[in-house]
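*Asks:* Dropping the structure in here first, questions after.
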Amino acid sequence: MNNSTSQTRSPSQYIEQPDTENATPSQGNQHPQNDPKIPTKNTTERIKKNTHASIKIASLNIKGRGHNNIRHKKNKWKQVNEILRDEKIGVLALQETHLTDEHVKDIHNIYNKRMHIYHSADPQQLNAKGVAIVLNKEITNIQDVDYYEIIPGRAIMIKLPWHHTLTITILTVYAPNDPTENKQFWESLLNTWNEKNLPIPDFMLGDTNIVEEMIDRLPCHRDSTSATQALSELKSLLQLKDGWRETNPTSTAFTYMQLSTGSQSRIDRIYIANELASSCRNWSIKATHIPTDHKLVTVELIDLKAPYIGCGRWTMPLYLLKNKKLIKEIQDLGLEMESQIEKLEFNECTETRNAQILYKEFKDQMIQKIKAFARKATPKLT
Numbered sequence: 001m002n003n004s005t006s007q008t009r010s011p012s013q014y015i016e017q018p019d020t021e022n023a024t025p026s027q028g029n030q031h032p033q034n035d036p037k038i039p040t041k042n043t044t045e046r047i048k049k050n051t052h053a054s055i056k057i058a059s060l061n062i063k064g065r066g067h068n069n070i071r072h073k074k075n076k077w078k079q080v081n082e083i084l085r086d087e088k089i090g091v092l093a094l095q096e097t098h099l100t101d102e103h104v105k106d107i108h109n110i111y112n113k114r115m116h117i118y119h120s121a122d123p124q125q126l127n128a129k130g131v132a133i134v135l136n137k138e139i140t141n142i143q144d145v146d147y148y149e150i151i152p153g154r155a156i157m158i159k160l161p162w163h164h165t166l167t168i169t170i171l172t173v174y175a176p177n178d179p180t181e182n183k184q185f186w187e188s189l190l191n192t193w194n195e196k197n198l199p200i201p202d203f204m205l206g207d208t209n210i211v212e213e214m215i216d217r218l219p220c221h222r223d224s225t226s227a228t229q230a231l232s233e234l235k236s237l238l239q240l241k242d243g244w245r246e247t248n249p250t251s252t253a254f255t256y257m258q259l260s261t262g263s264q265s266r267i268d269r270i271y272i273a274n275e276l277a278s279s280c281r282n283w284s285i286k287a288t289h290i291p292t293d294h295k296l297v298t299v300e301l302i303d304l305k306a307p308y309i310g311c312g313r314w315t316m317p318l319y320l321l322k323n324k325k326l327i328k329e330i331q332d333l334g335l336e337m338e339s340q341i342e343k344l345e346f347n348e349c350t351e352t353r354n355a356q357i358l359y360k361e362f363k364d365q366m367i368q369k370i371k372a373f374a375r376k377a378t379p380k381l382t
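Heads up, the sequence shown is in the UniProt record's numbering, so the first residue is 1 and it goes up one at a time.
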């Protein structure tokens, strides 16, 4: 991956940058195309945050924010926070967010430790549509991020310095359900990139409300030809491809179920730049505990130049050395092992039962017991 994606993949020598000094994440009315043009530049400065050489990128249609009160049990942002934590997601694109600037302010106040939100609402329908990109502050960098509002409430994009000198550009979309409006949506994006000097996205993800192949619907049927053609033309211009389908050419999996009919489809997708195929892995589609009829789609982006680092050597938490109950149980395991070894006659030792095997079993049991105690002693943090 190049340091500045827009430099190598943009159709123009220039891109239009948003006003990063005056803009805030919750400002959904920023129009970078109105800003003066400035030359592109390499991202040569290393970011300050020490990030991993991989990042999980995900998308989910949450079907509204739930209760208006952010602290209410039926508000969905507590569950969004839990998904970021449990799934270790670095960048989460959301659709049907129904957020206002005031909602985002409340979310930041409560979940400031983990969440940093960029969002856009439809000014005509604040309780409908809406898209957001949530950065997990515990995992990824949030400094010097460029934000672009493309279509209010439907499409936004960020340019994120994510690791060392590497930058990725992520576009999230929420396409209309009506076939005619769906076609017009993709055509609008196509015209925007033809007319404006915007960075070319490395990822385009979200709820497309359309499938390109019959295999992605159950029962199988073709979608609007004009709408799929408009999407195809946009993909061709931006040099994007369906990463999950590329990895699973003959598999069937669905991200959305229409409860009234039982029909299913894979309308939530992640498109990737053609040259990123070898850098993307661990594609997944999974259900979440958020009340929605869509599933979470994820992919992991890796820096291929980074050295391989394994899981590391496990060590016992030092505070458990003072746990008398644990120490007593380990001693009992050790005494049991000694007893079994003493009972072994020299000529009874085999490849499957000998002192070395018994010692290994003792160590495995001891480690399992320590990990069990550690899980109980260390409660999950929000």
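Just so you know, even glycine gets a beta-carbon here, dropped at the ideal spot from N, CA and C. If you're wondering where the values come from, they're calculated on a predicted model, not measured in any experiment.
Using alpha carbons as the reference points, say which of W244, T315 and C349 lies closest to R281.
*Replies:* The shortest Cα separation from R281 among W244, T315 and C349 belongs to W244.
*Asks:* Near S226, which residues of its chain fall below 7 Å by C-beta distance, leaving aside the five closest residues on each side in sequence?
*Replies:* For S226, where only same-chain residues beyond five positions count, the Cβ hits under 7 Å are K183.
*Asks:* Helix, strand or coil: how does DSSP classify F203 here?
*Replies:* F203 falls in the strand class under three-state DSSP.
*Asks:* Grab the span of the beta strand (DSSP E) containing I302 for me, first residue to last.
*Replies:* Note, I302: beta strand (DSSP E), L296 to I302.
*Asks:* Can you say whether R353 is buried or exposed, counting buried as having 16 or more other CB atoms within 10 angstroms of its CB?
*Replies:* Exposed.
*Asks:* Among the candidates I110, A355, D293 and D122, whose CA atom is the shortest distance from the CA of I62?
*Replies:* The residue with the shortest Cα to Cα distance from I62 is D293.
*Asks:* In whole angstroms, give me the CA-to-CA distance for W314 and L320.
*Replies:* In a straight line, the C-alpha of W314 is about 14 Å away from that of L320.
*Asks:* Quick check on M204: buried or exposed, where buried means 16 or more other Cβ atoms within 10 Å of its Cβ?
*Replies:* Burial call: buried.
*Asks:* Does DSSP classify P161 as helix, strand or coil?
*Replies:* Residue state, collapsed to three classes: strand.
*Asks:* Around the C-beta of T167, are 16 or more other C-beta atoms found within 10 angstroms, so that it is buried, or is it exposed?
*Replies:* Result: buried.
*Asks:* Put L218 into one of helix, strand or coil per three-state DSSP.
*Replies:* In this structure, L218 counts as strand in the three-state DSSP scheme.
*Asks:* List the residues that DSSP assigns as beta-bridge partners of S265.
*Replies:* Answer by DSSP bridge pairing, in chain order: R217 and Y256.
*Asks:* Rounded to the nearest angstrom, what separates I327 and G310 at their Cα positions?
*Replies:* Spanning the two alpha carbons is a distance of roughly 29 Å.
*Asks:* Who does N75 pair with in a DSSP beta bridge?
*Replies:* Looking at the DSSP assignment, N75 forms a beta bridge with G66.
*Asks:* Name the residue from D207, T252 and K235 whose alpha carbon lies nearest to the alpha carbon of D216.
*Replies:* Of D207, T252 and K235, the residue nearest in Cα terms is T252.
*Asks:* Just to confirm my understanding: we take L333, look at its own chain, exclude 5 residues before and 5 after, and list those with CB closer than 7 Å. What are they?
*Replies:* Closer than 7 Å at the Cβ level, and outside the excluded window around L333, lie F362, Q365 and M366.
*Asks:* For Q264 versus L296, is the C-beta distance shorter than 8 Å?
*Replies:* Contact flag unset, no.
*Asks:* Using CA atoms only, rank isn't needed, just tell me which of E233, S54 and N209 is closest to G90.
*Replies:* Ranking the options by Cα distance to G90, first place goes to S54.
*Asks:* DSSP state of F373, grouped into three classes?
*Replies:* Three-state DSSP puts F373 in a helix.
*Asks:* Do you know offhand how far Y271's Cα is from S260's?
*Replies:* Cα to Cα, the separation comes out at about 29 Å.
*Asks:* Going by the beta-carbon positions, is the gap between residue 411 and I150 smaller than 8 Å?
*Replies:* Lying before the first or after the last residue shown, residue 411 is absent from the chain, which here runs from 1 to 382.
*Asks:* Taking the straight line between their C-alpha atoms, what separation do you get for H163 and K56?
*Replies:* Roughly 13 Å between the two C-alpha positions.
*Asks:* Measure the beta-carbon distance from Y118 to A128 and round it to whole angstroms, keeping in mind my assumption that it falls under 8 Å.
*Replies:* Between A128 and Y118 the Cβ distance is about 19 Å, and since that is not below 8 Å, they are no contact.
*Asks:* Which residues mark the beginning and the end of the alpha helix (DSSP H) in which T172 is found?
*Replies:* Unbroken run through T172 is the beta strand (DSSP E), L166 to Y174; no alpha helix (DSSP H).
*Asks:* Would you mind stating whether L94 and R114 have Cβ atoms separated by less than 8 Å?
*Replies:* No; because the gap between Cβ atoms is not below 8 Å, this pair is not in contact.
*Asks:* Restricting to Cα atoms, I'd like to know which of Y256, I302, I267 and I290 is closest to A277.
*Replies:* Residue I302 is the option with its Cα nearest to A277.
*Asks:* Distance, Cα to Cα, I200 vs L238?
*Replies:* Each residue's Cα considered, the two are about 6 Å apart.
*Asks:* In three-state DSSP terms, what is I83?
*Replies:* Residue state, collapsed to three classes: helix.
*Asks:* CA-CA distance, L358 and K322?
*Replies:* Answer to the nearest angstrom: the Cα atoms are 26 Å apart.
*Asks:* Closest by CA to S284, which one among H52, L60 and N50?
*Replies:* Among H52, L60 and N50, the Cα nearest to that of S284 belongs to L60.
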